[in-house]
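Enquirer: Got a structure here, written out as C-alpha cells. Questions coming.
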Amino acid sequence: MKADLLIYNIGQLLLPKASGKPLKGEEMKNLPILENAALAVQDGLVLWIGKNKESVGIDANERINAEGKVVSPGLVDPHTHLVFGGSREDELALKQAGVSYLDILAKGGGILSTVTATKQATEKELAAKAAFHLERMISFGITAMEAKSGYGLDRETELKQLRTVKRLQETYPVKLISTFLGPHAIPPYYKGREDLFLDEMIGLLDEIKKEDLAQFADIFCETGVFTIEQSKRFLEKAKNKGFGVKIHADEIDPLGGLELAVSLGAASADHLVAASDKGIKALRNSDTVAVLLPGTTFYLGKDQYAKARTMIDSGAAVALATDFNPGSCVTENLQMIMSLAALKLKMSAEEIWNAVTVNAAHAIGLGGEAGVLEASKQADFVIWDVPNFHYLPYHFGVNHAISVYCSGIKRWERMPYGTIPLSAARETSSF
Ligand code: NIG
Ligand code: FE
47 MKADLLIYNI GQLLLPKASG KPLKGEEMKN LPILENAALA VQDGLVLWIG KNKESVGIDA
107 NERINAEGKV VSPGLVDPHT HLVFGGSRED ELALKQAGVS YLDILAKGGG ILSTVTATKQ
167 ATEKELAAKA AFHLERMISF GITAMEAKSG YGLDRETELK QLRTVKRLQE TYPVKLISTF
227 LGPHAIPPYY KGREDLFLDE MIGLLDEIKK EDLAQFADIF CETGVFTIEQ SKRFLEKAKN
287 KGFGVKIHAD EIDPLGGLEL AVSLGAASAD HLVAASDKGI KALRNSDTVA VLLPGTTFYL
347 GKDQYAKART MIDSGAAVAL ATDFNPGSCV TENLQMIMSL AALKLKMSAE EIWNAVTVNA
407 AHAIGLGGEA GVLEASKQAD FVIWDVPNFH YLPYHFGVNH AISVYCSGIK RWERMPYGTI
467 PLSAARETSS F
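The sequence shown: position 210 = 256 (the working numbering), numbered continuously.
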C-alpha cells in the first residue's frame, strides 16, 4: 500500500465514534482507543488506521514516529467570537472592584465597547487580527471551529464581520462555520425600542443567506438583553429562512432559553449555567447539544458552574467550547477548558474528549465530518506530548500539542526540546 504520510508507533489513537447523532449521556463515557496504532494518509484523507505492526508493509513518502504518545482527531471549538476590534483589559480593574458583567454592559462598556472598536476597524484589519487568534487556535490543536458576528449591531458592521469570516474560510485550512449573532446587545440608540432593533436584524437574514455569509443564527437571551419572546421571534424567522439555530441561553438568569432551544430543534444551547431542571430534562429527548463554557464562568469569577453532571447523567449531549471573546473569556486555549471541565464540571476524561470532538462537531453542523478519524475522512489530527489521554486535562494551562495536521498537512509544530541550549547557559552562568 502506498501513502503520502504514515504516523507510526502511536501509544493511544483516540477514535471518538461518529454517528448520525451526538453522543448522549452514557454514550459519552465510551471513547474508543486503539493502542500501539498507526495512521496512514493519502491525498489529505485518512487512508488506513490499524495496529502498528500491520503498518510495516506501507510504502509512505514520509514517516513520523509518534514515540508512543497520543494522537487524536483535531479538536473542534463550537463557540467563539473570533472577529472583533480592540481589547478590554481596562475592564479587569472594574471587575476587581466588584462591578458585574451586566453592569459594565449597562453602562455602555463590555460588548458595546468592542462594538465601537469593531466599527472603527477596516475589514482588512479585522481579518489580520482574527487570523492571529485563529493561528493560535490551530497551535492549540483546533482544526474546526465556529465564529460569530455580533460586534456590529448595524448592517454595515455585521456584514463586515461576516465577510471577514468568509475571507478566513477561504484562506485557512480549518473548517470554519459562520454564525450571525446580530442580536447580541441593544445599541444605546435603540434603548426602549428593542423590537425595532430586532426587526432590523431580522431584515438582514435574507441578504446574509443570499451571500452565504452564515450557516447559523444566534441571539443573546438574557436579562437586560433579549427576552424569551424576542429570542423565539428571531430564531423562528432564521429557521424558516434555512439557518441552523443556536442560542446564548440561561447564562446568568434562568429565563428558559434552554427549553426554547429544544422546542425549536436548535443545534445547540450555549452557556446554561442557570438552566432549569425542566430544561435539562427536555434536553434528553432532543438532539440539541448543550455547549458548556466553563472558561467563561472561571473568567467572570463565578462560583456556580453549569451542571454538566446532571445533564450527562440525565442523558443529554454535552460539548465544550472556549467562548473565545475579548470580554468574558479571553483565551484561545481549548485544552485549558478541558482542564476546567475536569476540575469544575466533574466530567471524566472520556466525556471531555468526546465533548471537544464528535459532540462539538454536531453542535456546529459538522457531525461525522469533524472530530473523527476514519478511513476516507479528512486527515485532521494532533500528535500530543502526553503519555495517555487522561494526562491532558490533568496538566493544565499549557500547550500539549507537538504538531497539528489539517487535511494531512502539518500546519503547526512546536520547537523541539533541546533547541534552547540550557546546558550551555548553565556553563557560562556565574552561579
Ligand atoms: O458568550 N454572553 C454574551 N456574549 C459573549 C461575551 C461577549 C463579550 O463580552 O464581548 C459570551 O460570553
Ligand atoms: Fe458567546
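In this text, a Cβ means the ideal position worked out from N, Cα and C, and glycines have one as well.
1) Quick check: Ala401 and Met393, are their CB atoms within less than 8 Å of each other?
2) Smallest Cα separation from Ile455: which of Ala395, Leu140, Ala86, Pro229?
3) Name the residue from Met247, Phe226, Ala425 whose alpha carbon lies nearest to the alpha carbon of Tyr236.
4) Do you know how far the Cα of Ile274 is from the Cα of Gly325?
5) DSSP on Gln58, reduced to helix/strand/coil?
6) Would you call the stretch 340-351 and the stretch 368-383 touching, i.e. three or more CB-CB distances under 8 Å?
7) Please identify the residue among Arg355, Tyr197, Gln142 whose C-alpha is closest to the C-alpha of Val161.
8) With burial defined as no fewer than 16 other Cβ atoms inside 10 Å of the residue's Cβ, what is the status of Gly417: buried or exposed?
9) Give me whichever residues DSSP pairs with Glu459 in a beta bridge.
10) Where Gln487 and Ala313 are concerned, what is the direct C-alpha to C-alpha distance, given to the nearest angstrom?
11) Straight-line CA distance for Ser101 to Trp94?
12) Using the Cα positions of Ser449 and Gly187, report the straight-line distance between them to the nearest angstrom.
13) Using DSSP's beta-bridge definition, name the partner residues of Trp399.
14) Which of helix, strand or coil does DSSP assign to Ile429?
15) Check whether the stretch 438-447 and the stretch 128-137 touch, using three or more Cβ-Cβ pairs below 8 Å as the test.
16) Contact defined as beta carbons within less than 8 Å: I believe Leu52 pairs with Ala106. What is the distance between those atoms, to the nearest angstrom?
17) Entirely within the stretch 48-117 and at least 3 residues each: give me those beta strand (DSSP E) ranges in chain order.
18) For Arg182, which residues from the same chain have a beta carbon less than 6 Å from its beta carbon, with the 5 sequence-adjacent residues on both sides left out?
19) Under 8 Å by Cβ, that's how I've got Pro124 and Glu192 pegged, so tell me the actual separation to the nearest angstrom.
20) The alpha helix (DSSP H) with Asp149 in it runs from where to where?
21) Can His179 be considered in contact with ligand 2, in the sense that its beta carbon sits closer than 7 Å to one or more heavy atoms?
22) Which of helix, strand or coil does DSSP assign to Ile410?
Expert: According to the structure data:
1) Position 355 of the sequence shown, counted from the start, is the residue given in the question as residue 401. Position 347 of the sequence shown, counted from the start, is the residue given in the question as residue 393. Yes, Cβ-Cβ distance for Ala401 and Met393 is below 8 Å.
2) Residue 455 sits at position 409 when you count from the first residue of the sequence shown. Nearest C-alpha to Ile455: Ala86.
3) As a first step, residue 236 is located in the sequence shown; it is residue number 190 there, counting from the start. Residue Met247 is the option with its Cα nearest to Tyr236.
4) For this step, residue 325 is matched to residue 279 along the sequence shown. For this step, residue 274 is matched to residue 228 along the sequence shown. When rounded, the distance between both Cα atoms is 14 Å.
5) By one-based count along the sequence shown, residue 58 stands at place 12. Gln58 falls in the strand class under three-state DSSP.
6) yes
7) As a working mapping, residue 161 is identified with position 115 in the sequence shown. The residue with the shortest Cα to Cα distance from Val161 is Tyr197.
8) As a first step, residue 417 must be located in the sequence shown, where it is residue number 371. With 16 or more Cβ atoms within 10 Å of its Cβ, Gly417 is classed as buried.
9) Here the question's residue 459 lines up with position 413 in the sequence shown. DSSP output for Glu459 lists Ser449 as bridge partner(s).
10) There is simply no residue 487 to check, as the chain begins at 47 and stops at 477 in what is shown.
11) By one-based count along the sequence shown, residue 101 stands at place 55. By one-based count along the sequence shown, residue 94 stands at place 48. Approximately 9 Å between the Cα atoms of the pair.
12) On the sequence shown, position 403 is the one that residue 449 refers to. On the sequence shown, position 141 is the one that residue 187 refers to. Cα-Cα distance, rounded: 8 Å.
13) The residue given as residue 399 occupies position 353 in the sequence shown. Looking at the DSSP assignment, Trp399 forms no beta bridge with any residue, so it has no partner.
14) Here residue 429 corresponds to residue number 383 of the sequence shown, with the count starting at 1. Ile429 falls in the strand class under three-state DSSP.
15) no
16) Working through the sequence shown from its first residue, we reach residue 52 at position 6. Working through the sequence shown from its first residue, we reach residue 106 at position 60. With a contact defined as Cβ atoms closer than 8 Å, Leu52 and Ala106 qualify at about 4 Å.
17) 48-60, 79-88, 91-97, 105-111
18) Taking the first residue of the sequence shown as 1, we reach residue 182 at position 136. If we look at Arg182 and ignore the five residues flanking it on each side, its Cβ neighbours are Glu378.
19) The count along the sequence shown starts at 1 and reaches residue 124 at position 78. The count along the sequence shown starts at 1 and reaches residue 192 at position 146. The pair is a contact, with the Cβ atoms about 5 Å apart (cut-off 8 Å).
20) Against the sequence shown, residue 149 aligns to sequence position 103. Run containing Asp149: 147-152, per the alpha helix (DSSP H) assignment.
21) Counted from its first residue, the sequence shown places residue 179 at position 133. Result no, Cβ not under 7 Å from ligand 2.
22) The residue labelled residue 410 in the question sits at position 364 within the sequence shown. Ile410 falls in the coil class under three-state DSSP.
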